[in-house]
Amino acid sequence: MEFALETMETTECYRLLTRLVAPRPIAFVSSLDAAGRGNLAPFSFFMLGGAAPPSVVICPLGDRRRGDKDTLRNIESTGEYVIHVVTEAMVARVNQASFDYPPEVDEFDAAGFTRVPSVRVRPPRVAESPVAMECRRFQVVRHGSGPMASNYIIGEVVHVHVDDAVLTDGLPDTHLIQPAARLGANDWSITRAAMHFSLARPTAP
-16 MEFALETMET TECYRLLTRL VAPRPIAFVS SLDAAGRGNL APFSFFMLGG
34 AAPPSVVICP LGDRRRGDKD TLRNIESTGE YVIHVVTEAM VARVNQASFD
84 YPPEVDEFDA AGFTRVPSVR VRPPRVAESP VAMECRRFQV VRHGSGPMAS
134 NYIIGEVVHV HVDDAVLTDG LPDTHLIQPA ARLGANDWSI TRAAMHFSLA
184 RPTAP
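Reminder that position 118 of the sequence shown reads as 101 in the numbering used here, one-by-one numbering, no gaps.
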């Protein structure tokens, strides 16, 4: 079967591509608006950028009803946010935090997460997550307009918190973290240790 995306509706493109680009790690992002009101939201359009400087990218899509997502508005306004890794124990509450609450509602409270002070940025961390990356905005790249348009937020990671319980030899261990990921439709995945395998990079042609 062939798909000519220029002939498809936006929602059809979304349903197709989210089934193809999977599994996708989840960035559970805490931010504050200019008045100090909190926001907590998950994004599965999330990737590592580079290490010089350490950078990550999240992409909140344009909202169908209200335009820019609260997270995007907050990061553009204040320049600070925290990205958390999602574990299996967090999934149900993370899913609840994805509800389209009005800006005055803080999803920390609505979804039942615990605030912990950050070190380098103002938005609080999520105590339930074993990994938190404190970030500062570098640049927002907008691609398209209207519902489901892309807003690539490039951020520099300025501080990282990792629970000692998920460390092996002083480094985060994915076998222990077992992060959750998003697939297509309403499907999720857990990166269980039993499914991992190692494959050394080639050292010769």
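Note that CB positions come from ideal geometry on N, CA and C, so glycine has one too.
These figures come from a predicted structure and were not determined experimentally.
is_contact[residue i, chain D] using C-beta, thresh 7 Å
| i | result |
| --- | --- |
| A110 | Of the protein chains in the structure, only one exists, and it is not chain D. |
N- and C-terminal bounds of the beta strand (DSSP E) containing residue i
| i | result |
| --- | --- |
| F29 | F29 to A34 |
| F11 | A10 to L15 |
| Y135 | S133 to V145 |
| S112 | From DSSP, S112 is part of no beta strand (DSSP E); its letter is neither H nor E. |
| V39 | P37 to I41 |
| S172 | W171 to I173 |
Neighbour-count burial assignment, residue i, 16 or more Cβ in a 10 Å radius
| i | result |
| --- | --- |
| L55 | buried |
| G129 | exposed |
| H126 | exposed |
| T70 | buried |
| Q122 | exposed |
| M116 | buried |
| R108 | buried |
| D89 | buried |
| V114 | buried |
| H67 | buried |
| D198 | Lying before the first or after the last residue shown, residue 198 is absent from the chain, which here runs from -16 to 188. |
In DSSP terms, what residue i is bridged to
| i | result |
| --- | --- |
| R(-2) | In the DSSP output, where bridge partners are listed per residue, R(-2) has none listed. |
| L159 | Its beta-bridge partners do not exist; DSSP assigns none. |
| C118 | Y64 and V140 |
| L23 | S13 |
| A164 | P8 and S172 |
| D152 | For D152, which the question treats as bridged, DSSP gives no partner whatsoever. |
| D46 | G50 |
| H126 | S133 |
| M98 | A quick correction: the sequence has Arg, not Met, at residue 98. R98 pairs with V109. |
CB contact flag (residue i, residue j, <7 Å)
| i | j | result |
| --- | --- | --- |
| V65 | S101 | yes |
| V106 | E139 | First, the residue type needs correcting, since residue 106 is Pro and not Val in the sequence shown. Cβ atoms of P106 and E139: not closer than 7 Å. |
| A93 | R76 | no |
| L44 | M131 | yes |
For residue i, the first and last residue of its enclosing alpha helix (DSSP H)
| i | result |
| --- | --- |
| E90 | E90 to A94 |
| V74 | V74 to A80 |
| S60 | D53 to T61 |
* Do the region 80 to 92 and the region 19 to 29 meet, that is, are 3 or more Cβ pairs less than 8 Å apart? -> yes
* To do: Mind the definition here: the region 148 to 165 touches the region -13 to 7 only if three or more C-beta pairs lie below 8 Å; say whether that holds.
  => Counting Cβ pairs under 8 Å, three or more are found: they touch.
* Asked: Are the region 10 to 19 and the region 137 to 148 in contact at 8 Å, needing three or more beta carbon pairs?
  -> no
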